[in-house]
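Residue numbers (my numbering), protein chains in the order written: chain A, 53 to 164; chain B, 21 to 135.
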Amino acid sequence: DQQVKQNSPSLSVQEGRISILNCDYTNSMFDYFLWYKKYPAEGPTFLISISSIKDKNEDGRFTVFLNKSAKHLSLHIVPSQPGDSAVYFCAASAPGNEKLTFGTGTRLTIIP
Amino acid sequence: DVKVTQSSRYLVKRTGEKVFLECVQDMDHENMFWYRQDPGLGLRLIYFSYDVKMKEKGDIPEGYSVSREKKERFSLILESASTNQTSMYLCASSGSDRTGKGHLHFGEGSWLTVV
Chain A
53 DQQVKQNSPS
63 LSVQEGRISI
73 LNCDYTNSMF
83 DYFLWYKKYP
93 AEGPTFLISI
103 SSIKDKNEDG
113 RFTVFLNKSA
123 KHLSLHIVPS
133 QPGDSAVYFC
143 AASAPGNEKL
153 TFGTGTRLTI
163 IP
Chain B
21 DVKVTQSSRY
31 LVKRTGEKVF
41 LECVQDMDHE
51 NMFWYRQDPG
61 LGLRLIYFSY
71 DVKMKEKGDI
81 PEGYSVSREK
91 KERFSLILES
101 ASTNQTSMYL
111 CASSGSDRTG
121 KGHLHFGEGS
131 WLTVV
């Protein structure tokens, strides 16, 4: 049972344009959401997070939006740069639960 | 900067062998995790630990065990390796609190091939 879903396995975006990565979840108990970025042969690195009490969090070129009623979050990267080419995982956690549940990942390719 | 070190980057083991994957973190983090990453399946949690000698099953613990004798070290053990355990294994640690909302710091991963 995949509680966190990333329905797009891959995405290609022109350099300088906006990249939008999407994530859906089914567990209404999730109250904290994170995005991780992973380069080949490296471990994932934390990118940005959002608590369920907010609907938007911004950090430089990265913005995460949360729509609780739709159980949907998205990561916006603008402007996209070649170094953003990586696999992006969204993750979620519930209160009182030590673990993160990850999505299946989206491979983002930025075209120069 | 947090450093999570996984002892082996690439391993090839035979079916039925006992396999140890070691992970060490240098930031005095309470929580440590083992995930595996497979194409199309994302990261799946095998086991985690929030204190020395404590362990909790994740989503896919079957065929695995863990050991946490010291705070900085968390070992994943495959008692009898099978070909379906061929995967990339990722160790992570976090230290803010026990709710898992601390940001996970991952090691570089261990690629295990079971033949």
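For glycine and all other residues, C-beta sits at the position ideal for the given N, C-alpha and C.
None of these values were measured; they are calculated from a predicted model.
Under the 10 Å beta carbon count, F40 (chain B) is surrounded by fewer than 16 other beta carbons and is classified as exposed. If you look at E37 (chain B), you'll find it isn't in any beta strand (DSSP E); DSSP assigns it neither H nor E. Under the 8 angstroms criterion on CB atoms, F141 (chain A) is classed as interfacial with respect to chain B.
Contact with chain B is found for L152 (chain A), since one of that chain's Cβ atoms lies less than 8 angstroms from the residue's Cβ.
Against E99 (chain B), chain A offers no close residue; the least beta-carbon distance is about 22 angstroms (beta-carbon pairs closer than 8 angstroms). When secondary structure is reduced to three states using DSSP, Q57 (chain B) falls in the strand class.
In this structure, the alpha-carbon of E99 (chain B) lies about 43 angstroms from that of S71 (chain A). T78 (chain A) carries a coil assignment under DSSP once its states are collapsed to helix, strand and coil. Within the segment 85 to 108 of chain A, the residues whose Cβ lies closer than 9 angstroms to some Cβ of chain B are L86, Y88, K90, A93, E94, G95, P96, T97, F98, S101 and S103, listed in chain order. G157 (chain A) has a beta carbon lying within less than 8 angstroms of a beta carbon in chain B. Looking only at A:I163, A:A144, A:P164 and A:T161, the smallest Cα-Cα distance to R64 (chain B) is reached by A:A144. Distance check between D48 (chain B) and each of B:A112, B:M108, B:S87 and B:N104 places B:A112 closest, using alpha-carbon atoms only. Its Cα nearest to that of F154 (chain A), the residue A:Y140 stands out among A:P147, A:L160, A:G148 and A:Y140. It is roughly 17 angstroms from the alpha-carbon of W87 (chain A) to the alpha-carbon of T161 (chain A).
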